[in-house]
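Novice: Following this message is one structure expressed as structure tokens.
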Amino acid sequence: MKKSKEFDNVLNECLERLLVRGETIEQCLQRYPEQAAELKPLLETALVAKKASAIQPRAEFKARARYQFRSALQETASRRGRPFFGWLPRWATVVTIVLILLLAGGGTVAAASNSMPDSPLYPVKLATEQVQLMLTPSQMGKIRLCARLADRRVAEIIYMADKGDVHQVELITQRLDKRLAMLVVLALALEAEEESPMLLAPSAEEAEGDRGVSTWANNRAQLRMLLERYAVNHPAALRAILEKVPEAAKPALLRAIVVSEAGYREALEALD
Amino acid sequence: MQSEESLVRRAQNRDQEAFAQLYEEHFDKIYRYIALRIGNEAEAEDMTQQVFLNALQSISSFRWKGVPFSAWLFRIAHNQAVDYLRRKKHTAVPLDESVASNDNTPQLVAEQKLDIERLLLATQKLTDAQREVISLRFTSELSIAQVAKIMGKSQGAVKALQHSAIVALRRALPVTENEEK
Chain A
105 MKKSKEFDNV LNECLERLLV RGETIEQCLQ RYPEQAAELK PLLETALVAK KASAIQPRAE
165 FKARARYQFR SALQETASRR GRPFFGWLPR WATVVTIVLI LLLAGGGTVA AASNSMPDSP
225 LYPVKLATEQ VQLMLTPSQM GKIRLCARLA DRRVAEIIYM ADKGDVHQVE LITQRLDKRL
285 AMLVVLALAL EAEEESPMLL APSAEEAEGD RGVSTWANNR AQLRMLLERY AVNHPAALRA
345 ILEKVPEAAK PALLRAIVVS EAGYREALEA LD
Chain B
507 MQSEESLVRR AQNRDQEAFA QLYEEHFDKI YRYIALRIGN EAEAEDMTQQ VFLNALQSIS
567 SFRWKGVPFS AWLFRIAHNQ AVDYLRRKKH TAVPLDESVA SNDNTPQLVA EQKLDIERLL
627 LATQKLTDAQ REVISLRFTS ELSIAQVAKI MGKSQGAVKA LQHSAIVALR RALPVTENEE
687 K
């Protein structure tokens, strides 16, 4: 019993060396010459088992699953009653809510936030987005918001393409194009915003300045990651439904794929 | 790069981007674990989606106690797989086109697929616990301590199971030409 436990430990030690630290079977066996004969076939089998790490989910499944998960994330957020303007400063939230309440009423806005283009509440959703953009003070915040809005447009395109509404797919694709174009312009302007505080930073406050720049760089890196993810996810989600939508909707959907690919490519280049 | 702990905390505070990042980081590993565990591609796809939806519903219950977030996700996947295997008599379906091709030549990809098919068939001859330890240790590359947490066993018991699983897999695998020499 004790011997068997010892061997289990030796085997595990060899597996760690082989699979994690990259040692060869021969190197492992040299460490344990007495158990080498018993260890060798087991380590060879472990290497065969390791080949299963090449298993990958199918690309179409990944794109579909990713899109469905995204939708579930958004649904959960709205169901839990997350404040719709959660990322805005408090003053902006107050002003926005007052403005929107004047225009439509609280319940309407909440319902509109998840509405699709075939809903009567959809114009309220678009108007709310415009107000949000106006009230977002920083360039970085505006870019993030543009990216989120582009994400919504992609979800809407998929929804309307699935219904075979070619006209709506074309209209939303135009909105997506517009939003991505705005994102590119903002990303280009970000360079200027980045350079000015560095030039103005007084040398006596270098440490503080460094911290500011580092936070800024961190935000920028996060923004880049978000855009890189969308650059892959959006065209993939649109492509994933291409075969399932009615024939008439395919040209409009292909145009949406081109728009999303080109838009994110330009935005990422602008960030570079 | 943010730490996993800060990402999890943000996800718990309903930050959609943080949760999406956790999803991207762990999706392939969870799929691989389930695929090898149950050997059925369509079911593995459904179950992988379900794992993340369950995680989304219950992330507020996750407590950071030094255990990686991945261990919690694997635990959800483990429970689902156990439940599935209890309810259904499973059949293996070759995981066609589910191999990372990267820059490999078509011949290499074909060989890789063949290796994986042989491995999947062989793992079907193992007990469920043996299959699980093979999947967690060699394809998901988790440590003995993490596997022990997921399986609800002691580390010693997992080491013993690992030993018996490799022996059983050795017996179940067809003898290749190289090994005969």
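From first to last, the protein sequence lines stand for chains A and B.
Every number in the working numbering is 104 more than the matching position in the first sequence, counting from 1.
Every number in the working numbering is 506 more than the matching position in the second sequence, counting from 1.
Just so it is clear, CB atoms sit at the ideal spot from N, CA and C, and this is done for glycine as well.
Considering only the alpha carbon of each residue, which of I261/A, S217/A, V270/A, V288/A lies closest to F250/A?
Specialist: Residue identity differs from the one stated: residue 250/A is Cys in this sequence, not Phe. Looking at the Cα atoms, V288/A is the closest of the given residues.
Novice: Pull up the distance between the alpha-carbon of R637/B and that of D521/B, whole angstroms please.
Specialist: The straight-line gap from Cα to Cα measures roughly 36 Å.
Novice: Does D621/B get closer than 8 Å to chain A when you measure Cβ to Cβ?
Specialist: By this cut-off, D621/B is an interface position.
Novice: For P339/A, collect the residues of the same chain with a Cβ closer than 7 Å to its Cβ; drop the 5 residues on either side in sequence, then sort them by chain order.
Specialist: Once the five neighbours on either side are set aside, the close Cβ partners of P339/A are I361, S364, E365.
Novice: Using CA atoms only, rank isn't needed, just tell me which of A583/B, P574/B, F580/B, L559/B is closest to E179/A.
Specialist: The shortest C-alpha separation from E179/A is found at L559/B.
Novice: Span of the alpha helix (DSSP H) holding V363/A?
Specialist: Run containing V363/A: 354-375, per the alpha helix (DSSP H) assignment.
Novice: For Y590/B, would you say it is in contact with chain A, using Cβ-to-Cβ distances shorter than 8 Å as the test?
Specialist: Closer than 8 Å: no.
Novice: Note down, in chain order, each residue of its chain lying with its Cβ closer than 7 Å to the Cβ of L290/A, except the 5 sequence neighbours on either side.
Specialist: If we look at L290/A and ignore the five residues flanking it on each side, its Cβ neighbours are Q243, K246, I247, C250.
Novice: Nearest-angstrom Cα distance between N116/A and K665/B?
Specialist: Their Cα atoms are separated by approximately 7 Å.
Novice: Any beta-carbon of chain B closer than 8 Å to the one on L115/A?
Specialist: By this cut-off, L115/A is an interface position.
Novice: Where do the N-terminal and C-terminal ends of the alpha helix (DSSP H) with M501/B fall, by residue?
Specialist: Given that chain B is displayed from residue 507 to residue 687, the structure contains no residue 501/B and the question cannot be resolved.
Novice: For F568/B, would you say it is in contact with chain A, using Cβ-to-Cβ distances shorter than 8 Å as the test?
Specialist: Cβ-Cβ to chain A under 8 Å: no for F568/B.
Novice: Residues of chain B with CB closer than 8 Å to the CB of D112/A, please, in chain order.
Specialist: What D112/A touches in chain B: G662, K665, A666, Q668, H669.
Novice: For V124/A, does the count of other Cβ atoms within 10 angstroms reach 16, so buried, or fall short, so exposed?
Specialist: Flag for V124/A reads exposed.
Novice: DSSP three-state call for P574/B: helix, strand or coil?
Specialist: Residue state, collapsed to three classes: coil.
Novice: Cβ of P574/B less than 8 Å from any chain A Cβ?
Specialist: No, P574/B does not count as interfacial toward chain A.
Novice: Determine which residues of the segment 166-182 of chain A have a Cβ less than 8 Å from any Cβ of chain B, and write them out in chain order.
Specialist: Listed by position along the chain: K166, A169, R170, Q172, F173, R174, A176, L177, Q178, T180, A181.
Novice: Are L342/A and F525/B closer than 8 Å when you measure CB to CB?
Specialist: The answer is no: Cβ separation not under 8 Å.
Novice: Between W570/B and the rest of its own chain, which residues show a CB-CB distance below 8 Å, the 5 nearest in sequence each way excluded?
Specialist: Answer for W570/B: E511, V514, R515, listed in chain order.
Novice: Going along chain B, which residues have a C-beta under 8 Å from L330/A?
Specialist: Ordered by position in chain B, the residues that pass the 8 Å Cβ test against L330/A are E523.
Novice: Can you grab the Cα-Cα spacing for the pair E617/B / Y539/B, in whole Å?
Specialist: Rounded to the nearest angstrom, the two C-alpha atoms are 21 Å apart.
Novice: Whole angstroms is fine: what's the gap from K267/A's alpha carbon to R257/A's?
Specialist: Cα-Cα distance, rounded: 15 Å.
Novice: How is E127/A classed by DSSP in three states: helix, strand or coil?
Specialist: Coil at E127/A, not helix or strand.
Novice: Look at the alpha carbon of Y136/A and the alpha carbon of A635/B, and state the distance between them as a whole number of angstroms.
Specialist: Using only the alpha carbons, I get a separation of about 28 Å.
Novice: Please go through the same chain and pick out, in chain order, the residues whose beta-carbon is closer than 7 Å to the beta-carbon of E373/A, but skip the five residues on each side of it.
Specialist: Excluding sequence neighbours, E373/A sits near nothing in its chain.
Novice: Hey, is P145/A's beta-carbon within less than 8 Å of any beta-carbon in chain B?
Specialist: Taking Cβ atoms only, chain B reaches closer than 8 Å to P145/A, which makes this a yes.
Novice: May I have the straight-line CA-CA distance separating A163/A from H532/B, to the nearest angstrom?
Specialist: Distance between the alpha carbons of A163/A and H532/B: 15 Å.
Novice: Quick one: any contact between the segment 646-657 of chain B and the segment 549-567 of chain B, if contact means 3 or more CB pairs under 8 Å?
Specialist: No: the two stretches stay apart, fewer than three of their Cβ pairs being nearer than 8 Å.
Novice: Looking at Y590/B: is its Cβ nearer than 8 Å to the Cβ of I544/B?
Specialist: Closer than 8 Å, so yes.
Novice: Using only the alpha-carbon positions, how far apart do I129/A and A153/A sit?
Specialist: Going from the Cα of I129/A to the Cα of A153/A covers about 15 Å.
Novice: Compare the C-beta of R333/A against all C-beta atoms of chain B and say whether one is closer than 8 Å.
Specialist: Yes, R333/A counts as interfacial toward chain B.
Novice: Look up K267/A in the DSSP assignment and say whether it is helix, strand or coil.
Specialist: In the structure shown, K267/A sits in a helix (DSSP, three-state: H, G or I).
Novice: For the segment 632-651 of chain B, which residues have a CB atom closer than 9 Å to at least one CB atom of chain A, in sequence order?
Specialist: Residues passing the 9 Å Cβ filter: I640, S641, R643, F644, T645, S646, E647, S649, I650.
Novice: Give the residues from the segment 525-536 of chain B that approach chain A closer than 8 Å (Cβ to any Cβ), ordered along the chain.
Specialist: If the cut-off is 8 Å between Cβ atoms, the segment 525-536 of chain B has F525, A526, Q527, Y529, E530, F533, D534 near chain A.
Novice: Is the shortest distance between the beta-carbon of V673/B and the beta-carbons of chain A less than 8 Å?
Specialist: Answer yes: the Cβ-Cβ gap between V673/B and chain A drops below 8 Å somewhere.
Novice: Measuring CA to CA, which of I276/A, D112/A, R168/A is closest to I345/A?
Specialist: Among I276/A, D112/A, R168/A, the Cα nearest to that of I345/A is on R168/A.
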